[in-house]
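> Numbering (the numbering used here), first residue to last: 1 to 561.
Ideal Cβ placement from N, Cα and C applies to all residues, glycine included.
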Amino acid sequence: MKQAMVDENLITTEKLKIAMTTADRENEPLSKTLVNLGFITDENLVKFIGEKINIPYVNVNNYTLDRDVLELIPHKIANRYNILPLFKIEDTLTIAMPNPHDIFSIDDIRRVAKCKVESVIASESKIKTLIDRWYGMGGAKQELIDQLADELKKAEEQTIGAQYVGKAADAMVRREAEAAPIIKLVHSYIAQAILEDASDIHFGPKSEFMMIRFRIDGFLYERHHVSLKLILPIISRIKIMSDLDISKKKIPQDGRIHMMVRGRSIDIRTSTLPSMYGENVVLRILDKSKGIPTLSEIGFSNDDLIAFKKIIKIPSGMILATGTTGSGKTTTIFSGINSMNTLDKNIMTIEDPIEYEIEGIVQSQIDHFGGVTFESALKSILRQDPDIIYVGEIRDKETAELSIRAALTGHLVISTLHTSSAVGAITRLRDIGVSSRLIGSVLNCAFGQRLVRKICPRCKLEYRPDESLFKNLRLPSDTIFHKGEGCEACGGIGYKGRIGIFEILNVEKNITKLINNNTSEIEINETGRKQGMKTLFEDGLLKVKKGITTIEEVLRVIEEE
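Next up, the structure:
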């Protein structure tokens with residue numbers, strides 16, 4: 001296990017001798033050899049050096065860089081000297097570098113930037129990662145992006161064919177959008193997003209440029225800036241790929257791109273929206289080849305997994321999932337539905353929109369313009385002899401009462417509500433006008449869910465947070481904490497992927513009685529806790545102790561409420 005703290009005894013005399021011998025043989029710096037041999041991490045080494053030479057250490061991942069400051073140092077110079085311009089105050093530029101005593105490099109940077117230069121020390125690997133991120137992708141990764149971009153172009157040609165040319169009469173705009181460099185550029189953005197496991201690409205026009213950002217594990221990260229002259233052809237190219245009208249720029253449009261890349265089915269949902277400086281475009285990337293995770297992969301603790309599997313086997317009644325938008329409710333529900341998807345069951349869904357396509361299940365989509373609502377679709381489904389019904393969201397009294405009626409007549413109904421807790425589902429149904437006795441008669445379970453980012457396994461290390469944290473959270477003093485220090489695999493973020501944290505209210509007889517008696521949310525919650533319900537924070541803390549996520553990540557998600 002990597003050490004988090006630096007002290008003079010970290011590298012033993014024996015390890016130092018081995019490193020010195022290896023450094024001589026390989027003709028490389030001793031510091032690099034120490035890192036390569038795993039005797040010390042890159043970050044701990046620069047921290048140690050910084051302490052000894054009285055130069056401040058900084059974690060460059062904590063900085064949001066200014067484009068004006070970045071432009072002071074060309075990409076080639078930043079790469080050559082492995083430096084990152086952090087900020088400029090008056091006539092002094094502060095740069096991060098692994099060797100702040102390299103006076104020759106600093107002199108060159110001073111001449112290029114035409115200002116005074118001060119240096120701080122930082123991890124070499126983190127600097128390289130951020131140079132790639134802010135200036136453009138590095139060589140090896142760019143080759144992968146180019147390769148995948150070429151495959152996307154071929155896939156598009158095979159999928160859309162010659163007739164796929166858009167609907168506008170503006171020949172000049174179309175010619176620009178279909179020029180080879182623009183096609184290559186758009187494909188490279190999509191390729192990069194796929195390689196980085198991004199869920200969305202945001203194309204946002206500003207007054208002087210267009211910002212391109214990727215959403216990765218729920219967070220937006222800036223990736224590129226595009227000049228004004230390229231905005232129209234890029235957006236037009238995306239609209240042509242999505243079979244949208246490139247001549248209509250004043251109304252929102254929704255489209256879809258489907259491609260087969262390396263045997264993977266990639267479905268991209270396109271949404272355009274007029275904004276002050278042009279059309280804002282968001283691409284939602286759905287990699288169908290990934291499939292739906294199993295219930296054991298979602299993040300349930302052993303006790304919760306056993307309880308949830310038992311609950312979903314009850315043939316009638318209602319299961320409600322609660323949480324904010326993007327909290328993973330739909331994924332968990334479909335993991336459960338998929339586990340029940342057998343030939344002897346008729347499973348039907350009403351969704352807005354359809355996120356997962358599952359063979360063997362009858363899925364229908366809401367169409368507000370066509371008059372297909374959750375209420376009207378549910379009435380039709382009840383005439384289709386269903387066993388299990390999934391209603392995408394309960395938004396009003398009519399849909400709620402229809403769902404409850406379906407549950408009362410022998411169907412298992414699963415749905416979602418936007419509330420902050422499991423018990424809040426009961427309060428929400430009461431607020432929209434459903435009687436407590438109806439709720440108590442059908443509710444089998446309500447569960448709350450949030451998503452937390454997982455620590456990157458490649459750069460995971462132990463650390464000890466501030467002592468006040470142990471006191472505030474009432475944790476044992478020997479609790480071991482982990483974090484990711486940032487590496488190439490996670491893009492310097494320290495996190496890779498997400499996992500759910502849960503609270504499950506199993507509605508047994510004592511809870512049903514409280515619901516029927518119109519008891520308060522507080523009392524129902526207290527009773528649920530007594531029968532074993534963990535809160536979202538408690539479940540998150542279990543994952544912290546197991547080294548799956550960080551305490552900061554759990555607190556961030558809980559405090560957002």
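Would the segment 504-517 count as touching the segment 248-268 if we require 3 or more Cβ pairs under 8 Å?
Touching, no.
> Could you compute how far the alpha carbon of L220 sits from the alpha carbon of L438?
Answer to the nearest angstrom: the Cα atoms are 42 Å apart.
> So, does the segment 201-208 touch the segment 469-484, judging by three or more C-beta pairs under 8 Å?
Short answer: they don't touch.
> Going along the chain, which residues of its own chain have a beta-carbon closer than 6 Å to the beta-carbon of N518, five neighbours each way excluded?
S436, listed in sequence order.
> Excluding the 5 residues preceding and the 5 following R453 in the sequence, name in chain order all residues of the same chain whose CB lies nearer than 6 Å to its CB.
Only D217, Y495, R498 and E553 meet the Cβ criterion.
> Would you check if the distance between the CB atom of T270 and the CB atom of L230 is smaller than 8 Å?
In this structure, L230 does not lie closer than 8 Å to T270 by Cβ.
> Mind listing, in chain order, the continuous alpha helix (DSSP H) runs of no fewer than 4 residues lying wholly within the segment 80-133?
103-113, all fully within the segment 80-133.
> Look at the Cβ atom of I121, then the Cβ atom of Y57, and state whether they are nearer than 8 Å.
Their beta carbons are under 8 Å apart, which means I121 touches Y57 by this criterion.
> Are the beta-carbon atoms belonging to I350 and A321 less than 8 Å from one another?
Not closer than 8 Å, so no.
> What's the call for G410, buried or exposed, on a 16-neighbour Cβ count within 10 Å?
G410 is exposed by the Cβ-count criterion.
> For T512 and G440, which I take to be in contact (beta-carbon distance under 8 Å), what is that distance rounded to the nearest angstrom?
Yes, T512 and G440 are in contact; Cβ-Cβ is about 5 Å, under 8 Å.
> So is P252 buried or exposed if we call it buried at 16+ other beta carbons inside 10 Å?
With fewer than 16 Cβ atoms within 10 Å of its Cβ, P252 is classed as exposed.
> Kindly indicate which residue of E359, K329 and I333 has the alpha-carbon position closest to the one of L343.
Among E359, K329 and I333, the Cα nearest to that of L343 is on E359.
> May I ask you to verify whether the segment 86-95 touches the segment 110-121, counting CB pairs closer than 8 Å and requiring at least 3?
Touching, yes, given that three or more Cβ pairs across the two stretches are closer than 8 Å.
> When we look at the beta-carbon of G161 and count the other beta-carbons within 10 Å, is it buried (16 or more) or exposed?
Because G161 carries a pLDDT of 42, less than 50, the predicted location of this residue cannot be relied on, and the following value inherits that uncertainty. Classification for G161: exposed.
> Consult DSSP for N444 and reduce its assignment to one of helix, strand or coil.
N444: strand per DSSP, three-state reduction.
> At a cut-off of 7 Å, would you count K543 as near the ligand MN, judging by its Cβ distance to the nearest heavy atom?
For the ligand MN, the structure offers nothing, since it holds no ligand at all.
> Going by DSSP, what residue range makes up the alpha helix (DSSP H) through M241?
That run of the alpha helix (DSSP H) goes L228 to M241.
> Here's the rule: buried if 16 or more other CB atoms are within 10 angstroms of the residue's CB, otherwise exposed. What is H482?
Buried, because 16 or more other Cβ atoms sit within 10 Å of the Cβ of H482.
> With 16 as the cutoff for other CB atoms within 10 Å, does G448 come out buried or exposed?
So G448 ends up on the buried side.
> Please list, in chain order, all residues of the same chain as L541 whose beta carbon is under 7 Å from its beta carbon, the five residues on each side excluded.
Cβ neighbours of L541 beyond the five flanking positions: V554.
> Rounding to the nearest angstrom, what Cα-Cα distance links I333 and P386 in this structure?
When rounded, the distance between both Cα atoms is 17 Å.
> Go ahead and label R223 buried or exposed: buried means 16 or more other beta carbons lie within 10 angstroms of its beta carbon, across all protein chains shown.
Buried, by the Cβ-count rule.
> Between which two residues does the beta strand (DSSP E) holding I501 run?
Looking at the DSSP string, the run of the beta strand (DSSP E) that includes I501 is Y495 to N506.
> Which value, in whole angstroms, describes the spacing of the CA atoms of T22 and V281?
The alpha-carbon atoms of T22 and V281 are separated by roughly 53 Å.
> Classify S123: buried if its beta carbon has 16 or more other beta carbons within 10 angstroms, exposed otherwise.
S123 should be labelled buried.
> Would the segment 388-404 and the segment 413-431 be scored as touching if the rule is three or more Cβ pairs under 8 Å?
Because the criterion of three Cβ pairs below 8 Å is met, the segment 388-404 and the segment 413-431 touch.
> Cβ of P100 within 8 Å of Cβ of N82?
Not in contact: P100 and N82 (Cβ atoms no closer than 8 Å).
> Is the distance from the Cβ of A489 to the Cβ of V442 below 8 Å?
It is not a contact, given that the beta carbons lie outside the stated cut-off.
> By how many angstroms is the C-alpha of A446 removed from the C-alpha of I311?
Each residue's alpha carbon lies about 10 Å from the other.
> What residue does the beta strand (DSSP E) around D352 start on, and which one ends it?
Where D352 is concerned, there is no enclosing beta strand (DSSP E), given that its DSSP letter is neither H nor E.
> Could you have a look at G528 and say whether DSSP puts it in helix, strand or coil?
Reduced to three states, the DSSP call for G528 is helix.
> Hey, how far is the Cα of H225 from the Cα of I212?
Whole-angstrom Cα-Cα distance: 6 Å.
> With 16 as the cutoff for other CB atoms within 10 Å, does N444 come out buried or exposed?
Flag for N444 reads buried.
> Less than 8 Å between the CB atoms is what I'm expecting for A19 and L72, so what's the real figure, rounded?
Actually they do not touch by this definition, with Cβ atoms about 37 Å apart.
> Can you tell me whether DSSP reads F369 as helix, strand or coil?
Looking at F369 - three-state DSSP - the assignment turns out to be coil, as it is neither helix nor strand.
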